[in-house]
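> Below is a structure I'd like to ask you about.
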Amino acid sequence: MMKDLNISVKHLTRVEGHGNIEVDIKNGEILKCQLDIVEAPRFFEAMVRGKSYFEVPHITSRICGICSIGHTFASIQAVEDAFDFKPDETTMLLRKLLLHGETLQSHTLHIYFLAAPDFLKAPSVFPLLNTHPDVVKRALRMKWLANYICDKIGGRTVHPISTRPGGFTKYPTKESLLDLKEKLTKGIEDLNETVKLFKTLKMPEFERKTEFISLKSVNEYPFYDGDLLSSEGYSVSKKEYRKVTNEFIVKHSTAKHCKAKLDSIMVGALARVNNNFNLLNKEAKAAATELNFKPICYNPFMNNIAQLIEIVHAHYDSIRLIDLLLDCDLSTPSYDITPKAGEGVGAVEVPRGILYHNYIFDEKGKLVKANCIIPTNQNLENIDLDMKALVPKILDKSKEEITLLLEMLVRAYDPCISCSTHLLNVSFK
Amino acid sequence: MSKVRVAFFDFACCEGCQLNVLNCEDKLLDILNNIEIVNFREAMSEASDNYDIAFIEGSITRECDIPRLKKIRENAKILITLGSCSSIGGVNAIKNNFDLEDVRNEVYGNQKDYFETTLARPIDAVVKVDYKIYGCPIHREEFVRIITSLLAGQQPYIPNHPVCVECKLKDNFCVFDKGMTCLGPLTRAGCGARCPSEGNYCVGCRGMVDEPEVNAHFDILKKYNLSIDDIKNKFEIYYSYYRKKFENIYNAR
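In structure tokens, the structure reads:
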């Protein structure tokens, strides 16, 4: 079909940070179809040079408010890797629980506040207060509970306080863990209602084969650490992260994107659920069946559903972690860690995909060099290729419908543009 | 009575302060009963330039952002900064301690010329600011308290005493006694001494009080065998924009 179309969405809403959708089609030929990033760069990798290993996680947490716990842990993990330090069991359990709090908070915010309004035909969550008050109140309850985990374990909802290289500055009391468990148990009802609601929302139909990259583990659904796994049937160690994040320059643009074996990669909830489906707990698997999700799924809109499946997993897994913590000695936190010269890599599954922090330290524990690769960067090429594959299929629709579908596609990735610490896809006129 | 129209904007930041506004879950419905949010890109697609109060998160780090900021100032009756980046420059200003050419080169290499950057500045370095809500991130309770005061037509109370006062009220052990160096004696309170209460030290995220008790602070440094440099290095995380001010106060000794 021959058609001219020009779409320019400046400062796409309901995403983190500033991005523009640019589409230019002449006589049915795609001249331009991409997501431009217009966020102000912040230069974190340059700023942390010379800072002590204790201060680096505090500073790099500020790369992103919404995944500040993930950044803190990727940073701490890189520090501990460089110093050959292995955290104790209590620390690991608390970190996993705190990371669940962030995943639950972020996924709930995304599916209810950022994505759902498109499906319920509203410009934002605020008008839904009148049309769907029960839905909004449930979303607020779920978000509150997720943040409550972060408050109780990390000391604060955004930018945790008690986390540090080596361990924690403060442990939660057993009373507060029991209280948390009770609240999580009560929260299961909201979880079930959420699955019921999203079952009724119809995700747009669209598929494009791509390569999913996630962390790899044998005994649990991996969020906190692990090697790197590709849906193309190979894996590499986290130290070799560059093999699955090969940055390359895009023709006609000075941008750098990421790819591995195929033309682009996708990271995040959909990649994780696809790659590690068998490691989900039984409740999450049951939710997947109810939501009609079958791995391997190549529909990026289903990332919304994959996030919900992870919400179910993380909710029940938090209860499991609390039970294990109740058997631990929580009297005095310990964090003996000794700096030494070396290089370390941290790889953590944050809500939007794998986050890498790679540091080099001198013998006093002062940072010499840093490299951070964030999930949204890894997804940018995939978003562009999805847009280019989707547009020709929907050209018979009105401009408004095409614009909405493209916005929904970009939103499904839950892009976090404020994380822009590294080379980004910027188009220059 | 028509509702007060409120807008949220951001420049160079992590959006954590706006997220903390959305994190006021239990108060959000009460707040929304009294205000109308007309611009909040992170959460909504509707957008209007007609507003009474503008909240701004983030620092100014590019000349190209200044016209947008001036437009917001023209539109808003009251302009309030949200968090450290917009109030005191915050972590963005750490880069001011380096040569900016070197900073761009470190992150973007031979493509550095595509990435404009200037010294990171707080909002009041460019336009007039009516109130500042400090913190990295902002404290949810403080945000609710300040917006409540404004809705009641009162001047919001912005603390100007050090974190130590709140820390003592919480019965915390002094952080210095635990062998750590703390910025509590100089840093503006209002957070409830959150970090010392969680077993950490105060990192100075709310910036310095207007008139620090320099003499008392020197007594503390002396007691714990610390130098001004120990404090200055720590203050570089949040207070780099005011480096000269800090040095002037202490070089006078």
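Residue numbers (numbering that gives the first Met the number 0), protein chains in the order written: chain P, 0 to 428; chain W, 0 to 252. Just so it is clear, CB atoms sit at the ideal spot from N, CA and C, and this is done for glycine as well.
Classify arginine 67 of chain W: buried if its beta carbon has 16 or more other beta carbons within 10 angstroms, exposed otherwise.
exposed
> What residue does the beta strand (DSSP E) around serine 4 of chain W start on, and which one ends it?
Before going further, note that residue 4 of chain W is arginine rather than serine in the sequence given. Counting along the chain, the beta strand (DSSP E) containing arginine 4 of chain W begins and ends at 3-9.
> Taking leucine 405 of chain P and isoleucine 20 of chain P to be in contact with their CB atoms under 8 Å, please state how far apart those CB atoms are, rounded to whole angstroms.
5 Å
> Specify the secondary structure class of threonine 331 of chain P as computed by DSSP and reduced to three states.
coil
> Comparing C-alpha positions only, which one of P:Val55, P:Ala114, P:Ile110 sits nearest to serine 44 of chain W?
Per the Cα distances, P:Ala114.
> Express the C-alpha separation of cysteine 415 of chain P and alanine 11 of chain W in angstroms, rounding to a whole number.
14 Å
> List the residues of chain B that threonine 12 of chain P touches, going by C-beta distances under 9 Å, in chain order.
This model lacks chain B altogether; the protein chains it does include are P and W.
> Is it right to say aspartate 432 of chain P is buried, meaning 16 or more other beta carbons lie within 10 angstroms of its own, or is it exposed?
Any property of residue 432 of chain P remains undetermined from this structure, which presents chain P solely from 0 to 428.
> In terms of residues, what are the limits of the beta strand (DSSP E) holding serine 161 of chain P?
Serine 161 of chain P -> no beta strand (DSSP E), and no H or E assigned at all.
> So which residues on chain P does glutamate 105 of chain W lean against when the C-beta distance must stay under 8 Å?
Phe42, Glu44, Ala45, Arg48
> Excluding the 5 residues preceding and the 5 following alanine 188 of chain W in the sequence, name in chain order all residues of the same chain whose CB lies nearer than 7 Å to its CB.
Pro158, His160, Pro161, Val162, Val164, Glu165
> Given glutamate 400 of chain P, which residues of its chain have a CB within under 8 Å of its CB, disregarding the five upstream and five downstream residues?
Ile393
> Report back the beta-carbon spacing between lysine 339 of chain P and phenylalanine 82 of chain P to the nearest angstrom; my notes put them in contact at under 8 Å.
6 Å
> By the 10 Å Cβ neighbour count, where 16 or more other Cβ atoms means buried, how is aspartate 383 of chain P classified, buried or exposed?
Aspartate 383 of chain P should be labelled buried.
> Have a look at W:Ser85, W:Asp170, W:Gly206, W:Glu197 and flag the residue whose alpha-carbon is nearest the alpha-carbon of proline 184 of chain W.
W:Gly206
> Any C-beta of chain W sitting closer than 7 Å to the C-beta of histidine 251 of chain P?
With a pLDDT of 38 at histidine 251 of chain P, under the threshold of 50, the predicted position of this residue should be treated as unreliable, though the coordinate-derived value follows. So no, histidine 251 of chain P is outside the interface.
> Does the segment 158-167 of chain P come within contact of the segment 194-204 of chain W, defined as at least 3 CB pairs closer than 8 Å?
Contact between the segment 158-167 of chain P and the segment 194-204 of chain W is present, because at least three Cβ pairs lie under 8 Å.
> Can you check whether the C-beta of valine 157 of chain P is within less than 7 Å of a C-beta belonging to chain W?
yes
> Which one or two residues does DSSP pair with methionine 43 of chain W in a beta bridge?
P:Ser123
> Starting from aspartate 23 of chain P and walking both ways along the alpha helix (DSSP H), at which residues does that stretch end?
Aspartate 23 of chain P -> not in any alpha helix (DSSP H); beta strand (DSSP E) instead, spanning 18-25.
> DSSP three-state label for valine 213 of chain W, please.
helix
> Between P:Asp385, P:Asp316, P:Phe292, P:Tyr220, which lies nearest to isoleucine 264 of chain P when the distance is taken from Cα to Cα?
P:Asp385
> Report the neighbours of lysine 185 of chain P on chain W: residues whose CB is nearer than 8 Å to its CB, in chain order.
By Cβ distance, chain W contributes nothing, its closest Cβ being about 16 Å from lysine 185 of chain P, past 8 Å.
> Short of 6 Å in beta carbon distance, which residues of its chain neighbour isoleucine 75 of chain P, apart from the five on each side in sequence? Order them along the chain.
If you ignore the 5 residues before and after isoleucine 75 of chain P, its C-beta comes within less than 6 Å of the C-beta of Pro56, Pro164, all in its own chain and listed in chain order.
> Considering only DSSP beta bridges, list what aspartate 226 of chain P is partnered with.
P:Lys215
> So which residues on chain P does proline 66 of chain W lean against when the C-beta distance must stay under 7 Å?
Ordered by position in chain P, no residue passes the 7 Å Cβ test against proline 66 of chain W, which lies about 14 Å from the chain.
> So which residues on chain W does isoleucine 160 of chain P lean against when the C-beta distance must stay under 9 Å?
Arg193, Cys194, Ser196, Glu197, Gly198, Asn199
> Quick one: is lysine 167 of chain W buried, meaning 16 or more other Cβ sit within 10 Å of its Cβ, or exposed?
exposed
> Drop a sphere of 10 angstroms on the beta-carbon of isoleucine 295 of chain P, count the other beta-carbons inside from all chains shown, and report buried for 16 or more, exposed for fewer.
Here isoleucine 295 of chain P is exposed: its Cβ has fewer than 16 other Cβ atoms, across all protein chains shown, within 10 Å.
> So what does histidine 356 of chain P bridge to, in DSSP terms?
When DSSP reads this structure, histidine 356 of chain P sits in a beta bridge with P:Gly345, P:Cys371.
> Is it buried or exposed for leucine 177 of chain P, if we count other Cβ within 10 angstroms and need 16 for buried?
The residue is exposed, with fewer than 16 neighbouring Cβ atoms inside 10 Å.
> Would you list the one or two residues that DSSP bridges to alanine 53 of chain W?
W:Ala6, W:Leu78
> Taking the alpha carbon of histidine 109 of chain P as the reference point, which residue from P:Leu366, P:Arg351, P:Ile359, P:Ala388 has its own alpha carbon closest?
P:Arg351
> Only counting the same chain, and skipping five residues up and downstream in sequence, which positions put a Cβ closer than 6 Å to that of leucine 92 of chain P?
Leu320, Leu323, Leu324
> So the candidates are W:Ile87, W:Asn91, W:Thr116; which of them puts its Cα closest to the Cα of leucine 99 of chain W?
W:Thr116
> Could you have a look at methionine 265 of chain P and say whether DSSP puts it in helix, strand or coil?
strand
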